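These notes are about the structure you will find just below.
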Amino acid sequence: MGFLGLAAAAACGVAAAAGVSGSVTDAGGAPVTEAVIYAVALGEKPASASRRGIMDQVNKEYFPLVVPVQVGAAVIFPNKDNIRHHVYSFSAAKPFELKLYSGTPAKPVVFDKPGPVVLGCNIHDWMVGYIYVVDTPYFAKTDTTGSARLEGLPAGEYQLRVWHPYMKGEPAALSLKLADSGIDNASFRLELSAPQRLSPAKP
1 MGFLGLAAAA
11 ACGVAAAAGV
21 SGSVTDAGGA
31 PVTEAVIYAV
41 ALGEKPASAS
51 RRGIMDQVNK
61 EYFPLVVPVQ
71 VGAAVIFPNK
81 DNIRHHVYSF
91 SAAKPFELKL
101 YSGTPAKPVV
111 FDKPGPVVLG
121 CNIHDWMVGY
131 IYVVDTPYFA
141 KTDTTGSARL
151 EGLPAGEYQL
161 RVWHPYMKGE
171 PAALSLKLAD
181 SGIDNASFRL
191 ELSAPQRLSP
201 AKP
């Protein structure tokens, strides 16, 4: 499953809609940033995507490392460097390419299938980024403390999942039931592989 352990605890909370606070650590207990925590409602069709994603290119790197979006969302790829980039992906969820360009392409890229999309650059081999496409409007990314919070979830049954580009195995998952008057808190511990990245070319 790609995780060492997970736990959930119920706490008193808000009315009408619930929130989920999540935390992610690695096998040694250190906080994991750039992990995507998302809640999939069981037996319900998700609402349409409304948030647009932005994956910048700055100093010959993708920034941020991970951009989570909902199925159907559009993502723009601004190039903020003074050289051109050639963005591409061979991932099954969204194979595409944006050939050599400066500035921001006129059309965004629409991601219409769930799953991880690994980004590369045909000019700069060390550039790697990730779009993670989820089939739910309820998602968030962990900060430097390994924490994230999902808001506005209606009462019901959910599967809470977590994904990270360096995790081993499939996304970790936890079943939970949210009530109007409660907030669930979840913690995940992931086993991570060391990132395999090329070094930038020297000027």
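So in the working numbering, spot 8 of the sequence shown is number 8, and the numbers just go up one at a time.
Glycine is no exception: its CB is placed at the ideal position from the N, C-alpha and C atoms.
Values in this document were obtained by computation on a predicted structure and should not be read as measured data.
- Contact between the segment 130 to 138 and the segment 64 to 74 is established, with three or more Cβ pairs separated by less than 8 angstroms.
- Of His164, Leu119, His124, the smallest CA-CA separation from Val32 is found for His164.
- Within the same chain, Cβ atoms closer than 7 angstroms to the Cβ of Glu61 are found at Met127, the five residues on either side in sequence being excluded.
- Excluding sequence positions up to five before and after Ser23, its CB lies within less than 7 angstroms of the CB of Gly146, Ser147, Ser187, all in the same chain and listed in chain order.
- Check the Cα spacing between Gln57 and each of Val67, Leu178, Ser50, Gly43: the tightest is with Val67.
- Counting C-beta pairs with one atom in each stretch, the segment 33 to 41 and the segment 150 to 164 have three or more that are closer than 8 angstroms, which means they touch.
- In this structure Leu174 is not in contact with Val20, their Cβ atoms being roughly 10 angstroms apart against a cut-off of 8 angstroms.
- Annotation for Phe96: the continuous beta strand (DSSP E) segment containing it runs 96 to 101.
- By the Cβ-count criterion, Gly103 is exposed, with fewer than 16 other Cβ atoms from all chains shown falling within 10 Å of its own Cβ.
- The beta carbons of Ala27 and Arg189 sit about 7 angstroms from each other, so the pair counts as a contact at 8 angstroms.
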